[in-house]
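**Q** Here you go, one structure.
Numbering (our numbering), first residue to last: 8 to 289.
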């Protein structure tokens with residue numbers, strides 16, 4: 008493939024990606040009927056993930072990052088949340104910079120980092136807008152953010168341009184909200200998209216000229232909510248249903264096999280994941 012052909016292919020793939028994400032917009036006729044945002048994930052989910060991964064770090068994303076750090080190195084965590092991706096790397100981390108758009112989660116990350124001997128530099132902002140204020144690092148992490156990015160090329164370029172050794176990204180096999188599709192059909196009669204997928208991300212990275220490697224894997228189940236009532240309320244808000252429909256949502260979740268003993272987040276599209284990694288260019 009010539010350089011020109013590669014540019015044409017990358018452009019087409021990026022356009023298709025943006026169109027797939029645009030299809031996830033909630034119709035205004037539904038969105039205007041509620042006062043609560045359907046896009047907010049409770050901080051407790053990020054906190055529980057961070058605690059769980061700190062207690063038992065595992066998986067290809069963790070392994071590739073630890074390998075790249077070797078005896079030690081700096082880490083940049085983009086979309087850091089409460090530190091689930093970066094804090095388990097503390098034994099080999101010489102410096103940590105965390106970027107996230109939600110300051111309370113960054114505050115939580117700083118508190119969790121202190122007992123690990125880390126004093127992270129935190130930047131509240133979005134990527135790649137915040138990239139100009141952030142130094143390069145040996146390893147750049149980006150876990151469960153890519154499906155939120157419509158304009159993927161500059162986002163990826165900023166990740167790659169900030170990594171001296173390696174970029175490690177983790178995403179779900181399919182769009183993280185896809186597990187909610189049956190409920191959208193049940194409550195609104197609305198067919199929701201199935202794409203985009205991790206395979207599209209891989210194709211885009213390759214078309215952009217990056218030497219990307221990928222590993223599919225399954226993360227062990229964990230309880231991401233403190234109670235079934237919280238899961239019900241989050242799901243209700245995600246489905247743009249008013250508080251008086253709480254019992255209907257609870258019944259639907261119960262019929263699907265979700266109980267107090269099975270409190271996984273339905274907005275994470277299961278536990279089928281893909282770890283992606285490619286060399287940095289900083």
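Idealized CB from N, CA, C, for every residue including glycine.
Can you tell me where the alpha helix (DSSP H) holding residue 167 begins and where it ends?
**A** It spans 159 to 168 - the alpha helix (DSSP H) in which residue 167 sits, taken as one unbroken run.
**Q** Could you check which residue in 281, 24, 39, 133 has the C-alpha nearest to that of residue 87?
**A** Of the candidates 281, 24, 39, 133, the one whose C-alpha sits nearest the C-alpha of residue 87 is 133.
**Q** Tell whether a beta-carbon distance below 8 Å holds between residue 112 and residue 191.
**A** Their beta carbons are not under 8 Å apart, which means residue 112 does not touch residue 191 by this criterion.
**Q** Would the segment 221 to 241 and the segment 17 to 33 be scored as touching if the rule is three or more Cβ pairs under 8 Å?
**A** The segment 221 to 241, when compared against the segment 17 to 33, does not touch it at the 8 Å Cβ threshold.
**Q** Identify whether residue 33 lies in helix, strand or coil by the three-state DSSP scheme.
**A** Reduced to three states, the DSSP call for residue 33 is coil.
**Q** Could you check the C-alpha separation between residue 278 and residue 139 for me, to the nearest Å?
**A** Spanning the two alpha carbons is a distance of roughly 34 Å.
**Q** Can you round the beta-carbon distance between residue 178 and residue 208 to whole angstroms, since I take them to be within the 8 Å contact cut?
**A** With a Cβ gap of about 6 Å, residue 178 and residue 208 count as contacting.
**Q** Apply the 10 Å Cβ neighbour rule to residue 39 and answer buried if 16 or more other Cβ atoms are within range, or exposed otherwise.
**A** Exposed, by the Cβ-count rule.
**Q** Which runs of the beta strand (DSSP E) at least 3 residues long sit entirely within the segment 65 to 109? Give them in chain order.
**A** List check, beta strand (DSSP E) in window: 80 to 85, 100 to 107.
**Q** Using the C-alpha atoms, what's the distance from residue 186 back to residue 206?
**A** Cα to Cα, residue 206 sits roughly 18 Å from residue 186.
**Q** Give me the Cβ distance between residue 62 and residue 94, rounded to the nearest whole Å; I'm assuming they're in contact under 8 Å.
**A** Actually they do not touch by this definition, with Cβ atoms about 11 Å apart.
**Q** Measuring alpha carbon to alpha carbon, tell me which of 65, 106, 262 ends up nearest residue 166.
**A** Nearest of 65, 106, 262 to residue 166, Cα basis: 106.
**Q** Would the beta-carbon of residue 215 fall within 8 Å of that of residue 153?
**A** It is not a contact, given that the beta carbons lie outside the stated cut-off.
**Q** Ignoring anything shorter than 3 residues or poking outside the segment 183 to 258, list the beta strand (DSSP E) runs there in chain order.
**A** Fully enclosed beta strand (DSSP E) runs of 3 or longer: 220 to 225.
**Q** Can you tell me where the alpha helix (DSSP H) holding residue 50 begins and where it ends?
**A** Start and end: 50 to 62.
**Q** For a test of the three-state rule: what should DSSP assign to residue 144, helix, strand or coil?
**A** Of the three classes helix, strand and coil, the one that applies to residue 144 here is strand, per DSSP.
**Q** What are the boundary residues of the beta strand (DSSP E) that residue 279 is part of?
**A** Taken as a continuous stretch (DSSP letters only), the beta strand (DSSP E) holding residue 279 covers 279 to 286.
**Q** Tell me whether the beta-carbon of residue 82 lies closer than 8 Å to the beta-carbon of residue 100.
**A** Yes; because the gap between Cβ atoms is below 8 Å, this pair is in contact.
**Q** Given that a residue counts as buried once 16 or more other Cβ atoms are within 10 Å of its Cβ, and exposed if not, what is residue 55?
**A** With 16 or more Cβ atoms within 10 Å of its Cβ, residue 55 is classed as buried.
**Q** Ends of the beta strand (DSSP E) at residue 129?
**A** Here the beta strand (DSSP E) through residue 129 covers 128 to 131.
**Q** Are the CB atoms of residue 175 and residue 68 nearer to each other than 8 Å?
**A** A contact, by the Cβ cut-off of 8 Å.
**Q** I'd like to check one pair, residue 283 with residue 221: are the Cβ atoms closer than 8 Å?
**A** Yes, these two residues count as a Cβ contact at 8 Å.
**Q** Pull up the distance between the alpha-carbon of residue 24 and that of residue 156, whole angstroms please.
**A** C-alpha separation (whole angstroms): 9 Å.
**Q** For residue 173, which of helix, strand or coil comes out of DSSP?
**A** Here residue 173 sits in strand by DSSP.
**Q** From the DSSP output, in three-state form, read off residue 151 for me.
**A** Residue 151: coil per DSSP, three-state reduction.
**Q** Select from 281, 287, 272 the residue whose C-alpha is nearest the C-alpha of residue 47.
**A** When each option's Cα is compared against that of residue 47, the closest is 272.
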